[in-house]
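In the working numbering, the protein residues as written are 1068 to 2058.
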């Protein structure tokens, strides 16, 4: 058989066929001899190789572990595929020694290398012909140019008739600008590119898929505006086409398009269908192993306990923006070194993890990039099949795919567009149609909420620093929002106070030169935009805008030789225009500074419009806007809590999750938002869809009715536990602890009901029985303390919804003069620098400072919101045991107002429960009879220093009998609250 196969290969490949020999470990010499005999018999040359998978024998263990990771196996598994320690990159000397008996096999390696003469070719941009195939390229280009002109002329006509012209411009100005841009596009041979982009954007809009108004410098093109690629009038905002497409520097245009994140895939599918599946592909990316991931992967294949590996991983700093190499973490963290010395397996883990750190772990696809070709892409680049998608993927990454001639189109998913669409749809349920493209840009109500900094959920401006800037700016026009989007970055940010002071007449605008004052009037005399740099060069020194764009680029790159040339050109032009040389030099230096961090106005204008649209929706339709925002941030509990608190501030009621009233998304009602069932951790969308489907238009009559209708295969134990903890079954009148305690009976009831339904039986489970369905008999139970109930609620919701753990301590906190974080923040802004706060710990992180010491960052929650505080090494060691999630603490803090918000540093910490024990010494329980004694006893189960007495109310309140218990017990506001909720207890007092 081997001989037959070899003969077939000879016929196929002729003199290009070689017989390969490899000698790894204890290779089979007998088989090799037979192979050599066959090669000699058919006169086929031999070639010696050594397939290399790692650099040196010392790397074998690391590669073997990596193989186990790749095959989801463990190192000790002898059945898995593995290599030998000989599969390393051997030297010429080693290969010569290994194949000393077959010197011709070594010589042929050189022959093969000489015969391989393939070189990858770089190509110019390749695009499909939008107007159809043509054998004559000139005719094809002419057809595309004609089609572009037709669409642009018709599109501009529609834009002007519907939206009008910018103030100070006539239709003639628009037509002149359009003709200029079309001329440049045609000369550069880019009509096809514009038509392709316009086509898929028009398709998206026709199918009600939200598309952003623009992104990047493309918003500076009037042709793009006419084709509906962008929705920003460049004349209205003084945007420059040359910033996007410079006629004096040929480079490919690049439109980045924002789509609704939920429907972006539909647009990509359309492009695939239009140009052919084999001509459209995603772009490959490679994910590499970071330190923690390497440790976890290696720990798993070495079969180390998960807890041990997790503990080691947490000793490595976790900063995705600037990852710490494992070698550096070992050097700086003594505990890692100690663990390695204590256990050899930890040392092996660290050694192997260091060797595989940084290697590619997996292939993925570019988040937004799509390439479109004029032929099957496999003819241009190697292709890859992503097992998670049916869409082809290029094996070249973004850097190399463009050099192969493929043009990248960015299909970006912008969540804000989905939020706006969802909010508009919510409003439409009230019979109100909102067209965001037509809303006025001078709406007073919108600027009022922006000026007050009420921007939770508002695109681009919701950070604490942005809110502070907005309050100082008090914007009253869209140009203010554009300027803020451009200025709020490191460097330019220092000009925000200047802009604000000049806007409100608190500071005079300084003139750089009278000839350019009109260019800087919009930004209060501050150079904010790259376009302003270009316009100043045009006005002062006679640059064309194309030349000015080259100047801007040169200033950004700071290449001395080029800067010297540009300085000479700029100064000469300015002097010729009446500017004295020293001032011309000064202005050039000023432009060079601002060009380095000046912002692209086209991008700022487009994103400012999206920002304004979100602010408009929040100002006019806050219920719908917040419900949409919560729906789109369903997996981010911190954001949901921010939106909930904002809703409370606005007087909007957030209804707790319930199987009776909740749906998959957050839904709207009359000044209320119904919490989503899908936002509960551990529930899942399929379970929610099932609940909503079986509920239909008929609410559940009882817990039993719920169990009769649902399929227990779709709602398992974990789903029930999460729904109970979130309070979604509170509507049936049961205590949460009671339902958890009787969950086996609830699930059993549902299972038996399902089995009977499938078998067609109608018995005591049927709702149609004369007495209704059988009742579920739940066992006796002990109610949870408030902290237990709320902690479970926090675990599934990510915040406290029905109440707050600090609520039971309200009287005590008032006595101690503890402030809420909101009140304290206001005091800090008025000059306070220290105070007393209370909070429940929600999370804790430990990090290293620059000096190598430990610091803790602790997240707290109080009734007014969430806040963070830091404490350093000594205090961290002192209070570490107190800083557990769920513990309520009282603290004194030092405070500092910063651009990003209030910074807190902890000075002292105490347990709130311990504080209450010292201040409240007695507990009085009011009852009418002995009925609640068993329940009371279950909570008074710990000895302490508190006196407990029963006040028995007799004769309808005419007399009371006090019975003081002889023993003392542990008492607290939390225990008092639990007793207060026990059946039969009239009241409870802490004194």
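Where a beta carbon is used, it is the ideal one built from N, C-alpha and C, also for glycine.
Given the structure is predicted, the values throughout are model-derived calculations rather than measurements.
Check                                                                                                                    : Outcome
Contact check, residue 1620 vs residue 1601, beta carbons under 7 Å                                                      : no
For residue 1245 and residue 1214, the rounded distance between their alpha carbons                                      : 14 Å
CB-CB length for residue 1549 against residue 1668, believed under 8 Å                                                   : 7 Å
Cβ pair residue 1299, residue 1673 closer than 7 Å                                                                       : yes
For residue 1441 and residue 1196, the rounded distance between their alpha carbons                                      : 7 Å
DSSP three-state assignment for residue 1753, whether helix, strand or coil                                              : helix
C-beta contact flag for residue 1494 and residue 1527 at 7 Å                                                             : no
Opposing strand residues paired with residue 1091 [DSSP bridges]                                                         : Per DSSP, none; premise fails for residue 1091.
Within 7 Å, strictly: CB atoms of residue 1731 and residue 1755                                                          : yes
CB of residue 2029 within 7 Å of CB of residue 2016, strictly                                                            : yes
For residue 1459, three-class secondary structure by DSSP                                                                : strand
Whole-angstrom distance between residue 1212 and residue 1322, CA atom to CA atom                                        : 19 Å
Buried versus exposed call for residue 1924 [16 or more other C-beta atoms within 10 Å across all chains shown]          : exposed
Beta-carbon proximity check, residue 1957 vs residue 1982, cutoff 7 Å                                                    : yes
Simplified DSSP assignment, three categories, for residue 1745                                                           : coil
Contact under 7 Å by Cβ, residue 2041 with residue 1875                                                                  : yes
Residue closest to residue 1797, alpha-carbon to alpha-carbon, out of 1779, 1763, 1856                                   : 1856
Residues bridged to residue 1326 [DSSP beta-bridge criterion]                                                            : 1278, 1480
Ranges of the alpha helix (DSSP H) found wholly within the segment 1507 to 1563, counting only runs of at least 4        : 1511 to 1518, 1531 to 1540, 1545 to 1554
Which of helix, strand or coil DSSP assigns to residue 1312                                                              : coil
Proximity of residue 1848 and residue 1808 at Cβ, strictly below 7 Å                                                     : yes
Given 8 Å, three or more beta-carbon pairs between the segment 1349 to 1359 and the segment 1460 to 1474                 : yes
Assumed close pair residue 1533, residue 1570 - CB separation to whole angstroms, cut-off 8 Å                            : Their Cβ separation, rounded to whole angstroms, is 16 Å, which puts residue 1533 and residue 1570 out of contact at 8 Å.
Close-in-space but distant-in-sequence residues of the same chain around residue 1584 (CB under 6 Å, 5 per side omitted) : 1578
Validate contact between the segment 1268 to 1286 and the segment 1330 to 1342 using beta carbons, cut 8 Å, 3 pairs      : yes
Per-residue burial, residue 1648 [other beta carbons within 10 Å of its own, 16 or more giving buried]                   : exposed
Whether residue 1529 touches residue 1523 by CB criterion (7 Å)                                                          : yes
Within 7 Å, strictly: CB atoms of residue 2067 and residue 1438                                                          : Look at the range of the chain in this structure, 1068 to 2058, and you will see that residue 2067 is not part of it.
Proximity to residue 1598 [Cα-Cα], best of 1907, 1371, 1306                                                              : 1306
Near the ligand FMN: residue 1355 beta-carbon under 6 Å from a heavy atom                                                : Among the components of this structure there are no ligands whatsoever, and the ligand FMN is therefore not found.
Residue nearest to residue 1546 in terms of C-alpha spacing, selected from 1560, 1566, 1557                              : 1566
Residue of 1378, 1959, 1766 minimising C-alpha distance to residue 1975                                                  : 1959
Contact the segment 2005 to 2015 vs the segment 1896 to 1904: 3+ CB pairs below 8 Å                                      : no
Any beta strand (DSSP E) of 3 or more consecutive residues that is wholly inside the segment 1214 to 1240                : none
Residue 1882 burial status per 10 Å Cβ neighbour count (16 or more: buried)                                              : exposed
Inter-residue Cα distance where the pair is residue 1446 and residue 1345                                                : 10 Å
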